[in-house]
Every structure is written in structure tokens, then in C-alpha cells.
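Engineer: If you scroll down you'll find the structure; I have some questions about it.
So, in C-alpha cells, the structure goes:
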């Protein structure tokens, strides 16, 4: 069985966790006696050290194939345009040439209008062409909502794929608004365990962290989703950190980069800028982790702190998955759908995509109020988290069992 996997981003721990959890659990539940052959397809070029890193969290043999969206920096404007336009065709030809028995599209919210219309259009066209060639499965995703001509495009492009919605908002939208024929309710794959998640002691020692003696903060590199002023964004995060250090003494603040693939939206760049503003804080209580680490290391760091404050949703999911509370700064409906409705913690989501909140400094007060809420109900929240995460795990596993059954029948 040869399976292609569309891997969105090899330096986004959320994407890595979803792919790793699928591969791990698929190999467990499939009844096939033959070891599946996975091909990971991405638009990113992997250096040797990157390939070695990926091989440490994909628990089986795999091939990595690059299909570039953009041409090289020295290309002419025409060449760059042609590279963009031809991407769906080049990707589908890769699928055809390798004769995949199935194509998997890793989960997330790429199929939405939050990250630009050009990328969305290219991805929808790619999925449409791929689904004509081979059975195509879209794993635990938030999809839409779409406007204008994108409604027709999405309805057409997704009509042949089997889709697993990770929240009820997506499920209802795909069924009731797009009238898609093959949609099932599931959950985000990142709720499942990932390889090496049990190596807590080694990771904490390696990063010089003490269990339950630190707070993890993940400031998103997507600053433009929250405010129109970069300096305001940086200064506000610095203020939040300063206030938390004063509010909760004798703890470290761990600044963790969760997405590192592009300098323009990298969490690492934001973290370094924030640290330059932290002149008045105790530097011994600040720890930066902005270099690439392994997905299980990120999860263990997130899950062994007291709680997490994050602008990246998968950092919140990992924190919950490990039994701890996370406060999310939301910029899209996915937070409401997954953290709020599916997981059942709407009170831990702050709708933070209003520039006025950042300009006035009100977002600082909102975050600090949530911190007080978490600390005041800490043990109650932990018991509720454990119960609700187990439900999400079972729902997430359904899609893997379903796909394994379908592919087993094809052999």
C-alpha cells in the first residue's frame, strides 16, 4: 500500500503532530500484513538536518518529495507566476507518477480564507485534481467559511474527497451550506498521543525545566491577525509577560516558538523581538526556545508547565492533551469550534483579533483575568480537561480506523 501525504509545513509542530499521530496509529490499526509505504509531499525543501529531524518523529520508513509552489529567488516575474499557476498540475502529476493507492491531506485550517485567497485557490485546485486520480482523504480539518466565487470552487474541488471535520461548525457548514456528499464528524489528530511523548524526564532535564514550575507562552508570528501595528503587538506581549512575572512569583516563563517555517510569520522572530523589550524583568526567569525541536519535545514542554498562554491553537491542544489548561488568543472561528465547543472550554478563549484591544492595552487585562480564572479553578479544570480530552481522542481515532478499513478493502 503506497500512501501519499500532503504535509503542509515541516516546521510547524501542529502539522508535525498530526502527521506523526496518523502514521503511528494507522500502522497499529491496519489489518494489512504489508508495511505501508508513506510519501510525504510538501512544497518546502528539506536540508539534510531537517530530513534527519523529520525521520525522528515519523515512526516508519518514508520518502520525502518536494513540489515547490514558488520558483527560486532569481527567477523572473513570469517564471514565478508560471510556477504558482502550474503548482496544482505539478502536484497531481506527482501523485499520478507515483501511483498512490490513496492521498491524505493533513489536517488544520489551510482550507479557509484566513491565510489569503491565492494559496486557498491553489490548494483547492490541487485537491480537486488529486481526487480525480486517486481516493483522497482530508484529515481532521476546519474548512471555510467561504465567500463569493470561492463557495462554488470549494463545492466543486472537495466533492470527490472524503472529509473528516474536526468540529461541529465545520461539519454543519460542509453538509448544510456546501452540500458535500462525504463528510464525517471526527476530531483534531493532535489530540492523539505522538511518538516519544512518554519521555518527559529526558526532555525536562535537557531543557533545564522543573515540572509545574513554569508557564509556557507561545506568541504567534501572525501578528497581523491581531493588530495592524507590529510595535504595539510586541510591546503588549512584553507587558503581559512582565505582569505575569509579578503575579506568579518563583516561576519561569518559557517562550516557545511553535511555528518557524517563514521569517515573516515565525514565532521565533516575534520571541526575539519581545525579549528585547523585557529589560525590567528577571532574565533568569525567562527561557527562550526558538530553535527547531522535535514535536514530542514541544508537547512535553507545553504539558509540564502550570498552564499555557498561546496564539497558536495546536499549542493549546497539546497543553490540553497533556492534562493542563491553556488560554488561547483567538483570531479565527477554529478556536470557538475546537477549544470552545468540541473540547468544552469557551471560557479559556479570548477573541483577540480586534486592533483596538491591543492599542488600548485592554488585551493585557483580559489575559490577566483569564490567568486569575485558571489559577482559582486549577484542579477543577484539570479534572474536566482529562475527561474531555479522552472524548476527543476517541473521535480522532475514528477517522484513522475508517481510512484503514477502506484501504484494507482495496488490497
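Numbering (our numbering), first residue to last: 613 to 1023.
Glycine residues also receive a C-beta, built at the ideal position from the N, C-alpha and C atoms.
By Cβ distance, which residues of its chain are closer than 8 angstroms to residue 663, with the 5 residues on each side in sequence left out?
Structural biologist: Counting from one through the chain shown, the residue named residue 663 turns up at place 51. Contacts found: 676.
Engineer: What are the partner residues of residue 771, as DSSP defines its beta bridges?
Structural biologist: In the chain shown, the residue the question calls residue 771 occupies position 159. Answer is none; residue 771 lacks a bridge partner.
Engineer: Using only the alpha-carbon positions, how far apart do residue 854 and residue 919 sit?
Structural biologist: In the chain shown, residue 854 corresponds to position 242, counting from 1. In the chain shown, residue 919 corresponds to position 307, counting from 1. Cα to Cα, the separation comes out at about 16 angstroms.
Engineer: Since residue 656 and residue 621 are thought to touch, with beta carbons under 8 angstroms apart, how far apart are those beta carbons, to the nearest angstrom?
Structural biologist: Taking the first residue of the chain shown as 1, we reach residue 656 at position 44. Taking the first residue of the chain shown as 1, we reach residue 621 at position 9. The pair is a contact, with the Cβ atoms about 7 angstroms apart (cut-off 8 angstroms).
Engineer: For a quick check, are the C-beta atoms of residue 831 and residue 883 less than 8 angstroms apart?
Structural biologist: Locating residue 831 in the chain shown gives position 219, counting from the first residue. Locating residue 883 in the chain shown gives position 271, counting from the first residue. Result yes, Cβ atoms of residue 831 and residue 883 sit closer than 8 angstroms.
Engineer: Please name the residue in 727, 939 and 748 whose C-alpha comes closest to that of residue 959.
Structural biologist: Along the chain shown, read from residue 1 onward, the residue named residue 959 stands at position 347. If we check each option's Cα against that of residue 959, 939 comes out closest.
Engineer: Does the region 866-873 come close enough to the region 984-995 that 3 or more CB-CB pairs lie under 8 angstroms?
Structural biologist: Not touching, per the Cβ criterion.
Engineer: Give me the DSSP bridge partner(s) of residue 841.
Structural biologist: Mapped onto the chain shown, residue 841 falls at position 229. The partner list for residue 841 (beta bridge, DSSP) is empty, contrary to what the question assumes.
Engineer: Distance, Cα to Cα, residue 953 vs residue 983?
Structural biologist: Translated into the one-based positions of the chain shown, residue 953 becomes position 341. Translated into the one-based positions of the chain shown, residue 983 becomes position 371. Looking at the two C-alpha atoms, the distance is approximately 21 angstroms.
Engineer: Which full runs of the beta strand (DSSP E) of 3+ residues lie inside the region 873-954, going along the chain?
Structural biologist: Whole beta strand (DSSP E) segments, 3+ residues: 898-901, 920-922 and 938-942.
Engineer: What's the call for residue 926, buried or exposed, on a 16-neighbour Cβ count within 10 Å?
Structural biologist: Counted from its first residue, the chain shown places residue 926 at position 314. Label assigned to residue 926: buried.
Engineer: Quick one: does residue 832 have its CB under 8 angstroms from some CB of chain C?
Structural biologist: The chain labelled as chain C is not found in the depicted structure, where only one protein chain is given.
Engineer: Any idea what DSSP makes of residue 1022, helix, strand or coil?
Structural biologist: The sequence position of residue 1022 within the chain shown is 410, counting from 1. In the structure shown, residue 1022 sits in a helix (DSSP, three-state: H, G or I).
Engineer: If we ignore side chains and look at the alpha-carbon of each, how far apart do residue 726 and residue 944 end up?
Structural biologist: If you number the chain shown from 1, residue 726 lands on position 114. If you number the chain shown from 1, residue 944 lands on position 332. Their backbone Cα atoms lie some 8 angstroms apart in a straight line.
Engineer: Should residue 768 be labelled buried (16 or more other beta-carbon atoms within 10 Å of its own) or exposed?
Structural biologist: Taking the first residue of the chain shown as 1, we reach residue 768 at position 156. The residue is exposed, with fewer than 16 neighbouring Cβ atoms inside 10 Å.
Engineer: Leaving out the 5 sequence neighbours to the left and right, which residues in its chain are closer than 7 angstroms to residue 963 when beta-carbon positions are compared?
Structural biologist: Looking up residue 963 in the chain shown gives position 351. The answer, listed in chain order, is 942.
Engineer: Following the continuous beta strand (DSSP E) through residue 716, name the residue where it begins and the one where it ends.
Structural biologist: Taking the chain shown and counting its residues from 1, one reaches residue 716 at position 104. Where residue 716 is concerned, the enclosing beta strand (DSSP E) stretches over 714-717.
Engineer: Do the region 810-827 and the region 788-795 touch if we need at least three Cβ pairs shorter than 8 angstroms?
Structural biologist: The answer is no - the region 788-795 does not touch the region 810-827, with fewer than three Cβ pairs under 8 angstroms.
Engineer: Among residues of its own chain, excluding the 5 on either side of residue 839, which ones have a beta-carbon nearer than 6 angstroms to its beta-carbon?
Structural biologist: For the purposes of this step, residue 839 is taken as the residue at position 227 of the chain shown. Closer than 6 angstroms at the Cβ level, and outside the excluded window around residue 839, lie 845, 967 and 970.
Engineer: Tell whether a beta-carbon distance below 8 angstroms holds between residue 880 and residue 629.
Structural biologist: What you label residue 880 is simply residue 268 of the chain shown in a count that begins at 1. What you label residue 629 is simply residue 17 of the chain shown in a count that begins at 1. No, Cβ-Cβ distance for residue 880 and residue 629 is not below 8 angstroms.
Engineer: So, do the region 638-657 and the region 1012-1020 have three or more beta carbon pairs nearer to each other than 8 angstroms?
Structural biologist: Flag = yes, the region 638-657 and the region 1012-1020 touch.
Engineer: Quick check: the Cα distance between residue 699 and residue 653, rounded to an integer number of angstroms?
Structural biologist: Numbered from 1 along the chain shown, position 87 holds the residue referred to as residue 699. Numbered from 1 along the chain shown, position 41 holds the residue referred to as residue 653. Rounded to whole angstroms, residue 699 to residue 653 spans 13 angstroms at the Cα level.
Engineer: Going straight from the alpha carbon of residue 741 to that of residue 689, what length do you get?
Structural biologist: On the chain shown, position 129 is the one that residue 741 refers to. On the chain shown, position 77 is the one that residue 689 refers to. Going by the C-alpha atoms only, they are around 26 angstroms apart.
Engineer: What residue range is occupied by the uninterrupted alpha helix (DSSP H) comprising residue 628?
Structural biologist: Taking the chain shown and counting its residues from 1, one reaches residue 628 at position 16. Segment 625-641, the alpha helix (DSSP H) holding residue 628.
Engineer: Exposed or buried, residue 862, counting other C-beta atoms within 10 Å across all chains shown (16 or more means buried)?
Structural biologist: Here residue 862 corresponds to residue number 250 of the chain shown, with the count starting at 1. Result: exposed.
Engineer: Going by other Cβ atoms of all chains shown within 10 Å of its Cβ, with 16 needed for buried, is residue 645 buried or exposed?
Structural biologist: Sequence index remark: in the chain shown, residue 645 carries index 33 (1-based). Exposed, by the Cβ-count rule.
Engineer: By a C-beta neighbour count over all protein chains shown, 10 Å radius and 16 as the cutoff for buried, is residue 878 buried or exposed?
Structural biologist: Residue 878 sits at position 266 when you count from the first residue of the chain shown. Buried, since its Cβ has 16 or more Cβ neighbours within 10 Å.
Engineer: Who are the Cβ neighbours of residue 781 in its own chain at under 8 angstroms, not counting the five residues just before and after it?
Structural biologist: The residue labelled residue 781 in the question sits at position 169 within the chain shown. Excluding residues within five positions, the ones whose Cβ falls inside 8 angstroms are 754, 945, 948, 949 and 953.
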